Amino acid sequence: MSRRRCVRRPRPHQIVISIGVIAALGALASGLVPNLTGWEDKSHVSRKVFGDIPGPLVVAFYFAVAVMLFATAWLAALRVRNLQRGQPDDRRTRRANVKRRMESFRRGVWMQTLLRDPAAGLMHSMIYFGFIVLFIATVLLEIDHQLPPSLKFLHGKTYMAYSATSDIFGVVFVVGIGWAIVRRYVQRPYRIRIKTKPEDAVILGTFLLIGVSGFFVEAFRIADVGRPSFEKWSVVGYPISAMFSGWSHGTLSDLHRWMWGSHVVLFFAFLVILPTTKLRHMITSPINMYLSDHDRPKGAMKPMPNLMETELETFGAATVEDFTWKQLLDTDACTICGRCTSVCPAHATGKPLDPREIVLKVGEVMSLTGAPPVSPPVGIDPEITVSADSLFERITSAELWACTSCKACDEICPVNIEILDKILDMRRYKSLMESDFPPELGNTYRSMENNNNVYGLNQADRADWAGSVEGVEVIEPTGTLDHEYLYWVGCAGSFDDRNKKASRAVA
6 MSRRRCVRRP RPHQIVISIG VIAALGALAS GLVPNLTGWE DKSHVSRKVF GDIPGPLVVA
66 FYFAVAVMLF ATAWLAALRV RNLQRGQPDD RRTRRANVKR RMESFRRGVW MQTLLRDPAA
126 GLMHSMIYFG FIVLFIATVL LEIDHQLPPS LKFLHGKTYM AYSATSDIFG VVFVVGIGWA
186 IVRRYVQRPY RIRIKTKPED AVILGTFLLI GVSGFFVEAF RIADVGRPSF EKWSVVGYPI
246 SAMFSGWSHG TLSDLHRWMW GSHVVLFFAF LVILPTTKLR HMITSPINMY LSDHDRPKGA
306 MKPMPNLMET ELETFGAATV EDFTWKQLLD TDACTICGRC TSVCPAHATG KPLDPREIVL
366 KVGEVMSLTG APPVSPPVGI DPEITVSADS LFERITSAEL WACTSCKACD EICPVNIEIL
426 DKILDMRRYK SLMESDFPPE LGNTYRSMEN NNNVYGLNQA DRADWAGSVE GVEVIEPTGT
486 LDHEYLYWVG CAGSFDDRNK KASRAVA
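All you need for the numbering used here is the position in the sequence shown, starting with 1, plus 5.
See the structure below:
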């Protein structure tokens, strides 16, 4: 009798580490190939990659890139491992939902949801697409660097178009960063001002310096090679190079090396802050949008198990492990934009609820109780301590019960975070496990238990509203459902005098 072989699937954090290993090995190979082959483009309308950068420094650069890529993957894997603490949640892509999911992903990648706020959407689009194009330009340059002369493509008119496109999107990127700095530190809208942390300055400063240093690396390189006419297509680097045209070759070469080194260090800084700060939403937000649950009808709560048949010891959510992995992913996908807070009616009327804080506080508990702990969603605050894996270390009952369940926060969120589900899960725990709920709900619960309706009225009178409506048959629970239309009225339409009129009109 043959024994069934058990195939062990890799865990998500192991997949992330594997991606890091592949990226690191790819970086090493990328540096090894050109050094072994010595292939250079023979066209006079092209550029020599690395130029006057010494060979040993180039080798050190590729080794450092490999190490940093692996470190980035390792830091990201620690966060993914934290997400694995959550309960299973079937978010598999099927034929029935693949089209909708790809549409959600496309809307996230193309910034369509952010454009609900035109100014913020345009600003983010400038940063995002500027960064993406510059990244693609760097990858294309490296690919061209690997190819033999007969296959190289960055020369002639292609190189000139490449230079112009790179510089134009570099300007778009830098202007977008400048706009973000003005918006956060000069205009300072309330929902942004109250959550501005030192890490915001680190992120924006790093991006700004990456963009500006890139222009000066280009300018020093162009000035060092004598400002050839075809480099005019470098629409930013070429004009800047004019300021240094009279300087000696040795000085320009030294400046180019120093500026290139600074640019590389800034890139390494980006690789560190990507998985450890809220900048991670560049990756997690589109993924979260792809995995969002649009199959459940709007307003429908997550189903509860049958309380009489289940063997669960607790209901709802009190710890990080009580949430699903997708609910935990929400906390890493949050952009901290505050739009949910700005539309919350409870928050607008002075209630203690702040939907953004609910997401961030769950993220804080998850991050600080991880093994090992990782950075929380909004940077480390020494005044915030979490001594145990309990959501209620940071979230109060007053916050949870202030929610009106209107779902405005879910609707406005640009990255499809499911905020209401978290609130309702914690409410369930408070109600079912601790009997911690507002006194007003006590009467409602007793009415539901004794009379099967929230009004406490006689259940036998449920269908009395239909007595005066001709042609409407009230179906008994044991009756046969062979009718063309079924009107499920509910408690409000059956017992509330105002809603009875609406029920009769519909019937």
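For each residue, glycine too, the CB sits at the ideal point set by N, CA and C. Small disclaimer: the values here were computed from a predicted structure and weren't measured.
Bridge-paired residues (DSSP) for T329: According to DSSP, which records beta bridges pairwise, T329 is partnered with Q92.
Within 8 Å, strictly: CB atoms of S402 and D441: In this structure, S402 lies near D441, with their beta-carbon atoms less than 8 Å apart.
In this structure, does DSSP put K53 in helix, strand or coil? When DSSP states are grouped into helix, strand and coil, K53 belongs to the coil group.
Take the Cβ of K506 as the centre, count every other Cβ of all protein chains shown within 10 Å, and call the residue buried at 16 or more, exposed below. With fewer than 16 other Cβ atoms within 10 Å, it is exposed.
Nearest-angstrom Cα separation, counted from K331 out to F68: Per the coordinates, the alpha-carbon of F68 lies some 36 Å from the alpha-carbon of K331.
Can you say whether E445 is buried or exposed, counting buried as having 16 or more other CB atoms within 10 angstroms of its CB? E445 is exposed by the Cβ-count criterion.
Three-way DSSP call (helix, strand, coil) for I45 in this model: Correcting the residue identity first, residue 45 is Glu in this sequence and not Ile. E45: coil per DSSP, three-state reduction.
Within the stretch 225–296, ranges of the alpha helix (DSSP H) (whole runs, at least 4 residues): Entirely contained in the stretch 225–296, the alpha helix (DSSP H) runs reaching 4 residues are, in chain order, 242–246, 254–281 and 286–295.
Cα separation between I417 and G343? C-alpha separation (whole angstroms): 10 Å.
Sequence-distant residues of its chain with Cβ nearer than 7 Å to P310 (five each side left out): Here P310 has L317 as same chain residues with Cβ atoms under 7 Å from its own Cβ, once five neighbours each way along the sequence are excluded.
Pick from E423, N458 and M371 that is closest to A305, judged by C-alpha positions: Measuring from the Cα of A305, the nearest candidate turns out to be E423.
Could you check whether the Cβ of G368 sits closer than 8 Å to any Cβ belonging to chain C? This model lacks chain C altogether; it includes just one protein chain.
Is the beta carbon of P357 sitting closer than 8 Å to the one on A407? The beta carbons of P357 and A407 sit closer together than 8 Å.
Separation of T315 from T485, as counted between CA atoms: Straight-line Cα distance between these residues: approximately 30 Å.
How many angstroms separate the CA atom of I27 from the CA atom of T409? When the Cα atoms are used, I27 and T409 turn out to be separated by approximately 48 Å.
Give me the Cα-Cα distance between S168 and L139, rounded to the nearest whole angstrom. The alpha-carbon atoms of S168 and L139 are separated by roughly 11 Å.
With a CB to CB cut of under 7 Å and the five nearest residues on each side skipped, what residues in its chain are close to R84? Excluding sequence neighbours, R84 sits near P280, D337 and V379.
What is the DSSP secondary structure of P61, reduced to helix, strand or coil? For P61, the three-state secondary structure derived from DSSP is helix.
Hey, M131 and G181: beta-carbon distance below 8 Å or not? Against a cut-off of 8 Å, the Cβ pair of G181 and M131 comes out as a contact.
Quick test of your reading: F500 and Y460, contact by CB under 8 Å. State the CB separation rounded to the nearest angstrom. Yes, they are in contact, since the Cβ atoms of F500 and Y460 sit about 5 Å apart, within 8 Å.
Quick check: the Cα distance between A29 and L37, rounded to an integer number of angstroms? Within the model, the alpha-carbon separation for A29 versus L37 is close to 12 Å.
Own chain, CB closer than 6 Å to W238, minus 5 neighbours either side, in chain order: Its chain contains M165, S168 and A169 as the residues whose beta carbon lies nearer than 6 Å to that of W238, once the 5 sequence neighbours on both sides are disregarded; these appear in chain order.
Distance between Y295 and F5 (C-alpha atoms, nearest Å): Outside the shown range of the chain (6 to 512) lies residue 5, about which nothing can therefore be said.
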